[in-house]
Amino acid sequence: MAASGGGSLKSLPANGLPALKMAESVVEIVEKLQSRLSLSQEPKKLLKTLKRLSDLPITVDILVETGIGKSVNGLRKHSDVGDYAKTLVGKWKKLVPQDEERCFWREERDIWKCREVLSLR
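Residue numbers (this note's numbering): 225 to 345.
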């Protein structure tokens, strides 16, 4: 599905992203890249998309809102891009604070479930 209006991902510089003023802009880019991951199984395109994701200023909130971590984690066993996907997911896991309450959506019960996460320090 082609997006109308807005800038295209092709307009982004190869070495990174222009200064983004709002987290929403990053979310929009992540969602476009996430769509690319689901549409292509060509290793070269997957790797390019993963590299672009790696360059983004991802936050825990963005990971939760978009579910991109799950999408990338699903590529961990891919013969060509699996190692890169694992590395990227590992980088994102380091963003998650260890001493806080974490909440997640339980679809089967249609409720939020929260639990305290304890650090092993």
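Heads up, the beta-carbon is just placed ideally off N, CA and C, and yes, glycines get one too.
Contact set for G293: own chain, Cβ-Cβ below 7 Å, skip 5 residues either direction: L287, V313, W316
Sorted by chain position, which residues of the same chain lie with C-beta nearer than 7 Å to L280's C-beta, five sequence neighbours on each side aside? L241, V250, I253, V254
Alpha-carbon spacing of V305 relative to L271, whole angstroms: 6 Å
Closest by CA to K310, which one among S262, V296, D285? V296
With distance defined between alpha-carbon atoms, name the residue in S259, V284, T290 nearest to K318. V284
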